[in-house]
Each structure stands twice: as structure tokens, then as C-alpha cells.
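Written below as C-alpha cells is the structure these notes are about.
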Amino acid sequence: MRKVITALIVVALLAAVTIVALLFSSRGPTSTQVIKDAKTIPKSAMAFVRNPYKDDYGMSRVSGYVQNRSGTKIVNARLDIQLSDSAGNKKELIKYQVKDIRPYSRKSFDANAGPLGGARRADVKIVEIEVAK
280 MRKVITALIV
290 VALLAAVTIV
300 ALLFSSRGPT
310 STQVIKDAKT
320 IPKSAMAFVR
330 NPYKDDYGMS
340 RVSGYVQNRS
350 GTKIVNARLD
360 IQLSDSAGNK
370 KELIKYQVKD
380 IRPYSRKSFD
390 ANAGPLGGAR
400 RADVKIVEIE
410 VAK
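For the sequence shown, this note's numbering gives the first residue as 280, with consecutive numbering after it.
Take a look at the structure:
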């Protein structure tokens, strides 16, 4: 009898976990549109970065934000963060993604730039956004 009760409890728990997983996975947009056009992206989103700083472990980090300027959720924004030395020579390129930016809101990020030799200046460009339809 105990084995039957234990088996029923296990089945009930598995069913509950499956239902919860299905409920949470169904949230969000079912279809998206990818925008790569450099003239269209600024109408929907803009990005800002600060110059790199060192964290407690000696690694360089670049912080900033992506601003959603539209009434549609941005599912994913792909960024190119270009680091240049003090003479303006391009050095490192960081590719970063910021996900789930609500309409008319701003989402901050903090990207790991690794160990850098010398001071760097950061510039950011949004290369692609994926918006909910």
C-alpha cells in the first residue's frame, strides 16, 4: 500500500512541475521581427555606455543601458561596444546582448571586457534588435 501511495505522490508532483513549466514557458511573444537597418533602429532603441572601469578582481567592465523608445517590447538587442585607446585607435570589440526591454523603458547592463592594458574609451552601436510582434 505504501508503494502505491508513494507512486501516486511522485506522479502528482511530476504533473504539477510539468504544468508550472508549461505555464511559464507560454509567457512572452510567440513571434518576433528582427530589425538590422541602421536607419530604423534609432527610431526604436538607443544605447549608452560609460568608459571601462576596473572591478574588485582587476577585470575591466563596461556599463551602460539600452532605451526602448517604442511601444513594443524588445526581446533582444545586439550591441557592438568598441574600445579605443587614448590616441583613438580601435582596440577591443565587445559583442553583448541585452534581453527583455519593456516598452518605453530602459534596461541597464554591465559587460565584462576582460583584462585591458591601458585606458580605453567606449562607444556603442546597436547592430540588431528583435521586437515582439
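By construction, the Cβ of each residue, glycine as well, lies at the ideal position given by its N, Cα and C atoms.
With a cut-off of 8 Å on the beta carbons, I'd call residue i and residue j a contact; round off their distance for me.
{"i": "A398", "j": "I360", "result": "Contact flag wrong, Cβ pair sits at about 15 Å."}
{"i": "V403", "j": "I380", "result": "Not quite, the Cβ-Cβ distance comes to about 15 Å (not below 8 Å), so this is no contact."}
{"i": "V313", "j": "A392", "result": "With a Cβ gap of about 26 Å, V313 and A392 do not count as contacting."}
{"i": "A324", "j": "N347", "result": "6 Å"}
{"i": "L358", "j": "V377", "result": "7 Å"}
{"i": "G343", "j": "A326", "result": "6 Å"}
{"i": "L362", "j": "P382", "result": "Incorrect: roughly 31 Å between the Cβ atoms, too far for contact."}
{"i": "I353", "j": "I408", "result": "5 Å"}
In terms of residues, what are the limits of the alpha helix (DSSP H) holding residue i?
{"i": "K322", "result": "320-323"}
Note down the Cα distance separating residue i from residue j, rounded to an integer number of angstroms.
{"i": "P321", "j": "Y336", "result": "35 Å"}
{"i": "M338", "j": "A390", "result": "11 Å"}
{"i": "K374", "j": "V406", "result": "10 Å"}
{"i": "K318", "j": "L293", "result": "49 Å"}
{"i": "K412", "j": "S365", "result": "42 Å"}
{"i": "K333", "j": "V410", "result": "33 Å"}
{"i": "R329", "j": "E371", "result": "15 Å"}
In the DSSP assignment, find the beta strand (DSSP E) that holds residue i and state where it starts and stops.
{"i": "K404", "result": "400-411"}
Those runs of the alpha helix (DSSP H) which lie wholly inside the segment 314-387 and span at least 4 residues: 320-323
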